[in-house]
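Enquirer: Let me give you the structure first, and then I'll get to my questions.
2 protein chains.
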Amino acid sequence: MTQELRLGIAGLGTVGASVIRMIARRGEALSRTGMTIRVTAVSARDRSRDRGLDLSGVTWFDDPVALARSGEVDCVVELIGGAEGAAKRTVEAALAAGKPVVTANKALLAHHGLALARAAEASGVSLACEASVAGGIPVIKVLREALAGNAISRVYGILNGTCNYILSRMELEGLTFEACLKDAQALGYAEADPTFDVEGFDTAHKLAILTSLAFGTAPDADGVSVEGISAITPLDLRMADELGYRIKLLGVAEATSAGIEQRVHPTMVPKSSAIAQVMGVTNAVTIDSDALRELTLIGPGAGGEATASAVVADIADLAAGRTAPAFGRPATALAPPARAEMQRHEGGYYIRLSVHDRPGVAAGVATRMAEREISLESILQRRSEVAATQDRRGRSGMPVPLVLITYAATEAAIRASLDAMASDGFLAEPPQVIRIERE
Amino acid sequence: MTQELRLGIAGLGTVGASVIRMIARRGEALSRTGMTIRVTAVSARDRSRDRGLDLSGVTWFDDPVALARSGEVDCVVELIGGAEGAAKRTVEAALAAGKPVVTANKALLAHHGLALARAAEASGVSLACEASVAGGIPVIKVLREALAGNAISRVYGILNGTCNYILSRMELEGLTFEACLKDAQALGYAEADPTFDVEGFDTAHKLAILTSLAFGTAPDADGVSVEGISAITPLDLRMADELGYRIKLLGVAEATSAGIEQRVHPTMVPKSSAIAQVMGVTNAVTIDSDALRELTLIGPGAGGEATASAVVADIADLAAGRTAPAFGRPATALAPPARAEMQRHEGGYYIRLSVHDRPGVAAGVATRMAEREISLESILQRRSEVAATQDRRGRSGMPVPLVLITYAATEAAIRASLDAMASDGFLAEPPQVIRIERE
Chain A
1 MTQELRLGIA GLGTVGASVI RMIARRGEAL SRTGMTIRVT AVSARDRSRD RGLDLSGVTW
61 FDDPVALARS GEVDCVVELI GGAEGAAKRT VEAALAAGKP VVTANKALLA HHGLALARAA
121 EASGVSLACE ASVAGGIPVI KVLREALAGN AISRVYGILN GTCNYILSRM ELEGLTFEAC
181 LKDAQALGYA EADPTFDVEG FDTAHKLAIL TSLAFGTAPD ADGVSVEGIS AITPLDLRMA
241 DELGYRIKLL GVAEATSAGI EQRVHPTMVP KSSAIAQVMG VTNAVTIDSD ALRELTLIGP
301 GAGGEATASA VVADIADLAA GRTAPAFGRP ATALAPPARA EMQRHEGGYY IRLSVHDRPG
361 VAAGVATRMA EREISLESIL QRRSEVAATQ DRRGRSGMPV PLVLITYAAT EAAIRASLDA
421 MASDGFLAEP PQVIRIERE
Chain B
1 MTQELRLGIA GLGTVGASVI RMIARRGEAL SRTGMTIRVT AVSARDRSRD RGLDLSGVTW
61 FDDPVALARS GEVDCVVELI GGAEGAAKRT VEAALAAGKP VVTANKALLA HHGLALARAA
121 EASGVSLACE ASVAGGIPVI KVLREALAGN AISRVYGILN GTCNYILSRM ELEGLTFEAC
181 LKDAQALGYA EADPTFDVEG FDTAHKLAIL TSLAFGTAPD ADGVSVEGIS AITPLDLRMA
241 DELGYRIKLL GVAEATSAGI EQRVHPTMVP KSSAIAQVMG VTNAVTIDSD ALRELTLIGP
301 GAGGEATASA VVADIADLAA GRTAPAFGRP ATALAPPARA EMQRHEGGYY IRLSVHDRPG
361 VAAGVATRMA EREISLESIL QRRSEVAATQ DRRGRSGMPV PLVLITYAAT EAAIRASLDA
421 MASDGFLAEP PQVIRIERE
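Chains as they are written, first to last, in UniProt numbering: chain A, 1 to 439; chain B, 1 to 439.
Pasting the structure below:
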């Protein structure tokens, strides 16, 4: 006799509805796990809403915590979202009741991952979260299971489709951030309040989970240095193109001698890299490790069906008895990461200055960098935009852009040299600084 | 008390040596599976060879079958290679003795996969083969576990690093196949007898395994239509470039209305596709499915360390109790695929003709295609190479290249039209035909 795995789905948004349809559609394939998978209970805020789902024979719960505790439910699928409130209470209740949990909730895991992993372990059940990072890309399974033989040195990726869509359009069509954001909102790729996506917080949550899996540390969302894409201009994208780069919002987790760096920021990546090819709402993750060197996964990072794919894979693993600790190792082994301060980050930098167009400024800028032992790989000056107002010496009196690409330097040195240039009165506007990530 | 998983390694080439070193290096991490993993026995042809390995305390077997049957071995790691002979006897002996097997042997699985999966199932042990396809890329785990919610429509990839290295260099440096092959041999990327790689047979074996996992059919190596890269010329690569394509040796498995297509051939892929960016010895696999649409994995496809990474991941899964049937479903459910004949393959084609330079030939060629309802997307003629000998009508009397790109047409129609052109006496040389794979 086949055993049954009875699911309680908490949260019936786009993802929840896709999960229910996928389980119905893939019933025969899923039964090969050795269990019949069936949705027996659901919970959502608004019962009256028509979701186009056949919920006959499925018990409705107004309270997701009651669903989690119900005797009709063997496994709770949490798709409510948010780091606190109903989602957290539901997951806690399920784990306390000895029920495995499948969740897509990045905020919850980034902020409370360690406590929840401990609770799961205490009850001897699994807490699966493939859908919490990069939608349908199975990066959690790959980090947790497929790289057992590898020591990982860096994980980085495009983890937010909204930002990648905006940057792609800005680049391809020469549009401003504001114009592309408006389009993204019209197409449903961005929320009415886009802050969470465009300022990098969504990426930071996902990165905190990847860091934990890659380096065996407890998720540490507060340790992520975060910078969004709202200050990127079409000029930066043009300059990047000329210099052989593209600009992507990356989440980067890296083991350095100073500790674990976790940073989210607009990043110049070489045009020839796999990650630079990723355009639109697609996500991508690259994992650097000792044996494999570079492994890149590219796929849909959001959307009901793609996210449901990850949720259903977790459910199938559970039904087949393939389990693993939430973050790849026992919760007791998850120590907080030694945080590497951003000031100590070392890398190449793209610096776009707006300098006053007068004698001695370029020399002064170069001197200020040399004083901090920052070496320049290239300098780019474009006067074309102010040419119309130039005098016969080629000077316009208007601020002109000056772009510098540095070899590896520390964030602290870069900041100090820019402060010095500002004190010198060289800068007409605050500088634009974009980090370069090399392969 | 921690249980021990005692490994017997049959085959001590580059991969075997890397596996032994990796297990030593990653001992602590691997013990998190709940078991201590230890190599207790090895077997290879030449005991006297210095492999730079510490084999103290490890039992040596001259006969790998004896190793498989040894009471000191819980799990057999088969790294001998080859579809028949010692490798097959070793795996059979291990499974018959009720021991799980981890193997990197694509030829063995492509030809005897079904029988071996049955033997594993009869003994209730697992037969794991991540390393058999695309080296360190965990494509087998992804197909088998991560896509449980998806119906797969197509899998295609660059599965042979030797061929991709040769094509990349031909493209980037304008060299001939022969020159690049020689370099690949000097660098150790190609064997002294390169036939198996460059004529597509290695790719075909790997594809047969992917087909089985993607479509739930028994591996059917004999059902793969195979064509290698030795006939590709620098001119084809230049033409591809002009037309917005790159040429890659792809293995493609596709569900069509006529059955399952399995084909290995040089393929024009759009330059903008993720797979087109993959240069050198790197491998890549793209999986098209209903929920995820497109998922691409890119990584090292060969080499001791990368292949060992896949072997060790299989061992870790085994130690952690995470098992799955070899081809993703019970062996009884694996039916032979309904083979789609290559003649019925429908797609776009690049056709490079060498035509006699006389009036009416272009019109005749176009007519022969129109008769079979083949529509042309573009026609490209370059006379530059024969310009020196042209008369004032622009004719040289020399054969001139004529390149045609077709919209979707069947292989049968293309072949029939080319036969007709040959009968007409239009062709100075046999035509070059390269299939186009669109995203």
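In this text, a Cβ means the ideal position worked out from N, Cα and C, and glycines have one as well. Remember, it's a predicted structure, so these values are computed and weren't measured experimentally.
Are there 16 or more other CB atoms within 10 angstroms of the CB of E171(B), so buried, or fewer, so exposed?
Expert: The residue given as residue 171(B) occupies position 171 in the second sequence. Classification of E171(B): buried, given that the 10 Å Cβ count is 16 or more.
Enquirer: For P270(B), which residues does DSSP report across the bridge?
Expert: Locating residue 270(B) in the second sequence gives position 270, where the first residue counts as 1. According to DSSP, P270(B) bridges with Y245(B).
Enquirer: Tell me the rounded alpha-carbon separation between Q343(A) and L250(A).
Expert: Looking up residue 343(A) in the first sequence gives position 343. Looking up residue 250(A) in the first sequence gives position 250. Roughly 18 Å between the two C-alpha positions.
Enquirer: Looking at the C-beta of K182(B), does it have a partner C-beta in chain A at a distance below 8 Å?
Expert: As a working note, residue 182(B) is residue 182 in the second sequence. Interface annotation, K182(B): not in contact with chain A, CB-CB separation never under 8 Å.
Enquirer: Cβ-heavy atom distance between D74(A) and the ligand ZN below 7 Å?
Expert: For the structure depicted, the ligand ZN is absent and the ligand set is empty, with no information on it obtainable.
Enquirer: Could you tell me whether the Cβ of E437(B) comes closer than 8 Å to any Cβ of chain A?
Expert: Along the second sequence, one-based indexing puts residue 437(B) at 437. No, E437(B) does not count as interfacial toward chain A.
Enquirer: Between E371(A) and chain B, is any beta-carbon pair separated by less than 8 Å?
Expert: On the first sequence, residue 371(A) is found 371 positions in, with the first residue counted as 1. So, not an interface residue.
Enquirer: Taking 8 Å as the cut-off, does the segment 327-342 of chain A touch the segment 360-380 of chain A (at least 3 CB pairs, one atom from each stretch)?
Expert: no
Enquirer: Say whether chain A places a C-beta atom closer than 8 Å to the C-beta of G158(B).
Expert: The count along the second sequence starts at 1 and reaches residue 158(B) at position 158. The sequence shown places Ile at residue 158(B), not Gly. I158(B) does not count as touching chain A.
Enquirer: Run through the DSSP bridge pairs and tell me what S354(A) is partnered with.
Expert: The residue labelled residue 354(A) in the question sits at position 354 within the first sequence. By DSSP's assignment, S354(A) forms a beta bridge with P401(A).
Enquirer: Return the chain-ordered ranges of every beta strand (DSSP E) run that is complete within the segment 140-225 of chain A and spans a minimum of 3 residues.
Expert: DSSP assignment within the segment 140-225 of chain A yields the following whole beta strand (DSSP E) runs of 3 residues or more, N-terminal first: 152-158.
Enquirer: Does any CB atom of chain B fall closer than 8 Å to the CB of Q432(A)?
Expert: Taking the first sequence and counting its residues from 1, one reaches residue 432(A) at position 432. For Q432(A), the answer is no, since every Cβ of chain B falls outside 8 Å of its Cβ.
Enquirer: Starting from the C-beta of I80(A), find all residues in its chain whose C-beta is less than 8 Å away, skip the five residues before and the five after it, and write them out in chain order.
Expert: In the first sequence, counting from the first residue as 1, residue 80(A) sits at position 80. Correct list, in chain order: A10, G11, P64, A86, A87, T90 and N105.
Enquirer: Who are the Cβ neighbours of T256(B) in its own chain at under 7 Å, not counting the five residues just before and after it?
Expert: Here the question's residue 256(B) lines up with position 256 in the second sequence. Same-chain partners within the cutoff: A340.
Enquirer: Let me see if you follow: with CB-CB separation under 8 Å, is Q185(B) close to chain A or not?
Expert: In the second sequence, residue 185(B) corresponds to position 185, counting from 1. No, because no Cβ of chain A sits closer than 8 Å to the Cβ of Q185(B).
Enquirer: Using DSSP's beta-bridge definition, name the partner residues of F61(A).
Expert: Along the first sequence, one-based indexing puts residue 61(A) at 61. Beta-bridge partners assigned by DSSP to F61(A): S43(A).
Enquirer: Given this structure, state the Cα-to-Cα distance separating A94(A) from A310(B), to the nearest angstrom.
Expert: Numbered from its first residue, the first sequence carries residue 94(A) at position 94. Numbered from its first residue, the second sequence carries residue 310(B) at position 310. Computed Cα separation, rounded: 35 Å.
Enquirer: What does M268(A) reach in chain B if we use C-beta pairs closer than 8 Å?
Expert: What you label residue 268(A) is simply residue 268 of the first sequence in a count that begins at 1. Within chain B, no C-beta atom comes less than 8 Å from the C-beta of M268(A); the nearest is roughly 18 Å away.
Enquirer: Does K206(A) have its Cβ less than 8 Å from a Cβ in chain B?
Expert: Here residue 206(A) corresponds to residue number 206 of the first sequence, with the count starting at 1. It does not: the Cβ of K206(A) has no partner Cβ on chain B nearer than 8 Å.
Enquirer: Check whether the Cβ of L12(B) lies closer than 8 Å to any Cβ atom in chain A.
Expert: As a working note, residue 12(B) is residue 12 in the second sequence. With 8 Å as the cut-off, L12(B) does not count as an interface residue toward chain A.
Enquirer: Does the beta carbon of D424(A) sit closer than 8 Å to a beta carbon anywhere in chain B?
Expert: Walking along the first sequence from the start, residue 424(A) turns up at place 424. Closer than 8 Å: no.
Enquirer: What separation, rounded to the nearest whole angstrom, lies between the Cα atoms of A115(B) and M35(B)?
Expert: The count along the second sequence starts at 1 and reaches residue 115(B) at position 115. The count along the second sequence starts at 1 and reaches residue 35(B) at position 35. Their Cα atoms are separated by approximately 30 Å.
Enquirer: With a Cβ-Cβ cutoff of 8 Å, do T103(B) and V73(B) count as a contact?
Expert: By one-based count along the second sequence, residue 103(B) stands at place 103. By one-based count along the second sequence, residue 73(B) stands at place 73. No, the Cβ-Cβ distance between T103(B) and V73(B) is not below 8 Å.
Enquirer: Please name the residue in R51(B), H205(B) and T33(B) whose C-alpha comes closest to that of T323(A).
Expert: To locate residue 323(A), count along the first sequence from 1; it is residue 323. Measuring from the Cα of T323(A), the nearest candidate turns out to be T33(B).
Enquirer: Out of V403(B), S273(B), P300(B) and S18(B), which one is the CA nearest neighbour of Y349(B)?
Expert: Position 349 of the second sequence, counted from the first residue, corresponds to residue 349(B). Checked all of V403(B), S273(B), P300(B) and S18(B); the closest Cα to Y349(B) is V403(B).
Enquirer: Any Cβ of chain A within less than 8 Å of the Cβ of S309(B)?
Expert: The residue given as residue 309(B) occupies position 309 in the second sequence. Cβ-Cβ to chain A under 8 Å: yes for S309(B).
Enquirer: Kindly indicate which three-state DSSP category P300(A) falls into: helix, strand or coil?
Expert: Here the question's residue 300(A) lines up with position 300 in the first sequence. Here P300(A) sits in strand by DSSP.
Enquirer: Comparing C-alpha positions only, which one of G135(B), E92(B) and A253(B) sits nearest to R154(B)?
Expert: Here residue 154(B) refers to the residue found at position 154 when the second sequence is read from its first residue. For R154(B), the nearest C-alpha among the options comes from A253(B).
Enquirer: Sorted by chain position, which residues of the same chain lie with C-beta nearer than 6 Å to A68(A)'s C-beta, five sequence neighbours on each side aside?
Expert: Along the first sequence, read from residue 1 onward, the residue named residue 68(A) stands at position 68. If we look at A68(A) and ignore the five residues flanking it on each side, its Cβ neighbours are V76, T90, A93 and A94.
Enquirer: Within a Cβ cutoff of 6 Å, which residues of the same chain sit near E199(B), ignoring the five residues on either side of it in sequence?
Expert: Position 199 of the second sequence, counting from 1, holds the residue named residue 199(B). Cβ neighbours of E199(B) beyond the five flanking positions: G228.
Enquirer: Could you pull the start and end residues of the alpha helix (DSSP H) that V433(B) belongs to?
Expert: Counting from one through the second sequence, the residue named residue 433(B) turns up at place 433. Segment Q432 to I436 is the beta strand (DSSP E) holding V433(B); no alpha helix (DSSP H) there.
Enquirer: Quick one: list the residues of chain A neighbouring R293(B), beta-carbon separation under 7 Å, in chain order.
Expert: To locate residue 293(B), count along the second sequence from 1; it is residue 293. Under the 7 Å cutoff, chain A gives P300.
Enquirer: Should P337(A) be flagged as near chain B, meaning a C-beta pair shorter than 8 Å?
Expert: The residue given as residue 337(A) occupies position 337 in the first sequence. Not one chain B Cβ lies under 8 Å of P337(A).
Enquirer: Leaving aside the five residues before and after V15(A) along the sequence, list all residues of the same chain whose C-beta is less than 8 Å from its C-beta, in chain order.
Expert: Sequence index remark: in the first sequence, residue 15(A) carries index 15 (1-based). For V15(A), where only same-chain residues beyond five positions count, the Cβ hits under 8 Å are L79, A104, A131, G304, T307, A308 and V311.
Enquirer: For V264(A), write down the residues that DSSP places opposite it in a beta bridge.
Expert: On the first sequence, residue 264(A) is found 264 positions in, with the first residue counted as 1. Bridge partners of V264(A): V226(A) and G251(A).
Enquirer: Candidates A274(B), M239(B), L235(B) and S230(B): which alpha carbon is nearest P266(B)'s?
Expert: Counting from 1 along the second sequence, the entry for residue 266(B) is found at position 266. If we check each option's Cα against that of P266(B), S230(B) comes out closest.
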